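The numbering of the sequence shown is UniProt numbering, which starts it at 1 and goes up by one. Here is the structure we will look at, set down as structure tokens.
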Amino acid sequence: MLYFDSAATALGDHQILHEAFEESRLYEANPSSLHRAGKIVRERIEEHRFAIASLLGLDKKDCIFTSGATEANHIVLLSLLNAPARGTVLMSSAEHPSIYENRKWLQQQGFTVKDVDVDSLGRLSLEDLQRKLTKDVLMLCCMAVNFQSGAINNIEQIAMILDQFRQNHGGRSIHLHVDAAQMILAQMYPRIAHWQADSIVFSGHKLSGPKGVGLLYWRKHKQSFLRGGGQEMFMRAGTESIFGISALRLALEKVAQYVDTTVEQKQRLFLQAVRASNGVIYHEEISPKEKSPYHYLVQFSPLPAEVVVRHLSTYQIMVGTSSACSGDSTHRLRPLLAQGITKSDASQLVRFSYSPWSDTSQLEQLMHQLPKAMHQLVRPQIHK
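Spelled out as structure tokens, the structure:
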């Protein structure tokens, strides 16, 4: 199988999953139990929390284990209900559904929700952000890396704009919430500690860890609406998964230690494969500083994306149609339309994404298999 859908989920690292499973067999008690076995598991979880916080340059008391990025996003959004007064929530017009689909609910709770435009690559428009900032803005939600296009937002600059607005207008601080689920596809690990974000979410399965575990960093976190047993500093009720937490730590350690020395070689091989298949890559010329070098939108006009994805899977080439987190086509195209892409073109865009540790042999095989597969798909169209 040639796997090019890492933006949806990275293939699990078998060594990480095995080590985490073996650890979970040693620490089976409930970490909230008062007996010795429970306390041992609690101590182990706190060791993992400290290690992860140290890796990311964050404070461990602000790091909360969750079931994934979607839950973490909701914990932060629900916290708005604790605001002393209703105000405005800003979010990028290309935001992930786990944030964007809360617009109607927020409005029903009395909040004003405004979109901030994105540029043609899918990055937050800093000019439109400055236009939309008013004294009643409570929160800005944005992605570190655009889940559709792979565009990289300059989080440090966004944080500076918010802070400058506060200083110039004597208002309250604006909460900057960052969805960093796709950070691995842009090798953003070293920059996280400098973001000055108020909250950041991470997803284990995007890092070659297991599904069902994530991390929420929340500086000076407030009261959560996920009530229950009081786990995770009363921010996320529910028994913690020692397997998931251990695997998340191992995955982040792998990210921190890994340097991809073949990124340019893999990029060349990928571009050759697409060109030989008569595909067109959106924003092929963009620098890796502005866009992930592992993440591409490709058009095989006039073929619909769903047709291409299904056909390639018969050749054991696994690719995606933009976001796997949104099955509805209207919702799936929304971030692409926000970039100024026409609906016709957007419906034909296929997302290829691989990880920093994808082997070059996968790209070499793609060079042979993709042109062959696309030739078989296009040939019947020609004879009609």
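In this text, a Cβ means the ideal position worked out from N, Cα and C, and glycines have one as well. Please read these numbers as outputs of a predicted model, since none were measured by experiment.
Going straight from the alpha carbon of residue i to that of residue j, what length do you get?
{"i": "Q376", "j": "M318", "result": "17 Å"}
{"i": "R310", "j": "D179", "result": "29 Å"}
{"i": "S361", "j": "M374", "result": "20 Å"}
{"i": "P356", "j": "H35", "result": "43 Å"}
{"i": "V118", "j": "A197", "result": "19 Å"}
{"i": "A251", "j": "A305", "result": "32 Å"}
{"i": "E19", "j": "D163", "result": "43 Å"}
{"i": "S323", "j": "I52", "result": "Caution is warranted here: a pLDDT of 48 is assigned to S323, below 50, making its placement in the model unreliable, and no coordinate value can be reported."}
{"i": "E253", "j": "V307", "result": "38 Å"}
{"i": "A37", "j": "L26", "result": "10 Å"}
{"i": "residue 422", "j": "S125", "result": "No information on residue 422 is available, as it lies outside the stretch 1 to 384 that the chain covers here."}
{"i": "K384", "j": "S313", "result": "Caution is warranted here: a pLDDT of 40 is assigned to K384, below 50, making its placement in the model unreliable, and the coordinate value is therefore given only provisionally. Cα to Cα, the separation comes out at about 24 Å."}
{"i": "A181", "j": "N168", "result": "32 Å"}
{"i": "T342", "j": "L90", "result": "24 Å"}
{"i": "A7", "j": "E47", "result": "29 Å"}
{"i": "L269", "j": "V259", "result": "19 Å"}
{"i": "G57", "j": "F21", "result": "27 Å"}
{"i": "S292", "j": "H283", "result": "11 Å"}
Would you kindly report the start and end of the unbroken beta strand (DSSP E) that includes residue i?
{"i": "D115", "result": "T112 to V116"}
{"i": "I64", "result": "C63 to T66"}
{"i": "V137", "result": "V137 to M143"}
{"i": "M91", "result": "T88 to S92"}
{"i": "F165", "result": "From DSSP, F165 is part of no beta strand (DSSP E) but of the alpha helix (DSSP H) over I155 to H169."}
{"i": "F202", "result": "S199 to S203"}
{"i": "W218", "result": "G214 to W218"}
{"i": "residue 391", "result": "Since the first and last residues shown for the chain are 1 and 384, residue 391 lies out of range."}
At which residues does the alpha helix (DSSP H) containing residue i begin and terminate?
{"i": "L26", "result": "H14 to L26"}
{"i": "L129", "result": "L126 to K132"}
{"i": "F4", "result": "That residue, F4, is in no alpha helix (DSSP H); it is neither H nor E in DSSP."}
{"i": "A29", "result": "Taken as a continuous stretch (DSSP letters only), A29 belongs to no alpha helix (DSSP H), as it is neither H nor E."}
{"i": "R103", "result": "R103 to Q108"}
{"i": "N73", "result": "A69 to L78"}
{"i": "residue 393", "result": "Because the chain here runs from 1 to 384, residue 393 falls outside it and cannot be looked at."}
{"i": "H311", "result": "A305 to T314"}
{"i": "I341", "result": "Here I341 belongs to no alpha helix (DSSP H), and DSSP marks it neither H nor E."}
{"i": "I99", "result": "P97 to Y100"}
Count the other CB atoms within 10 Å of the CB of residue i; is the residue buried (16 or more) or exposed (fewer)?
{"i": "D5", "result": "buried"}
{"i": "R177", "result": "At residue 177 the sequence reads His, which differs from the Arg that was named. By the neighbour-count rule (16 or more Cβ atoms within 10 Å), H177 is buried."}
{"i": "K220", "result": "exposed"}
{"i": "P84", "result": "exposed"}
{"i": "residue 444", "result": "Given a span of 1 to 384 for the chain in the structure shown, any question on residue 444 remains unanswerable."}
{"i": "A256", "result": "exposed"}
{"i": "I16", "result": "buried"}
{"i": "T88", "result": "buried"}
{"i": "G320", "result": "buried"}
{"i": "P97", "result": "buried"}
{"i": "Q130", "result": "exposed"}
{"i": "A69", "result": "buried"}
{"i": "M1", "result": "exposed"}
{"i": "L81", "result": "exposed"}
{"i": "G110", "result": "exposed"}
{"i": "F300", "result": "buried"}
{"i": "K289", "result": "exposed"}
{"i": "P302", "result": "exposed"}
{"i": "S173", "result": "exposed"}
{"i": "H194", "result": "exposed"}
{"i": "Q231", "result": "buried"}
{"i": "H14", "result": "exposed"}
Check this for me: beta carbons of residue i and residue j, under 7 Å apart or not?
{"i": "Q272", "j": "M143", "result": "no"}
{"i": "G212", "j": "S67", "result": "yes"}
{"i": "S347", "j": "H295", "result": "no"}
{"i": "R332", "j": "L297", "result": "no"}
{"i": "T239", "j": "N102", "result": "no"}
{"i": "S277", "j": "L370", "result": "yes"}
{"i": "I64", "j": "R236", "result": "yes"}
{"i": "G171", "j": "K132", "result": "no"}
{"i": "K266", "j": "L363", "result": "yes"}
{"i": "L121", "j": "A94", "result": "no"}
{"i": "A10", "j": "L216", "result": "no"}
Give the DSSP bridge partners of residue i, in chain order.
{"i": "Q299", "result": "V280 and L349"}
{"i": "F50", "result": "DSSP lists no partner for F50."}
{"i": "I152", "result": "V145"}
{"i": "G320", "result": "R351"}
{"i": "K291", "result": "A151"}
Within 6 Å: the Cβ of residue i and any heavy atom of the ligand NAP?
{"i": "Y3", "result": "Absence of the ligand NAP is noted for the structure shown, with no ligands found whatsoever."}
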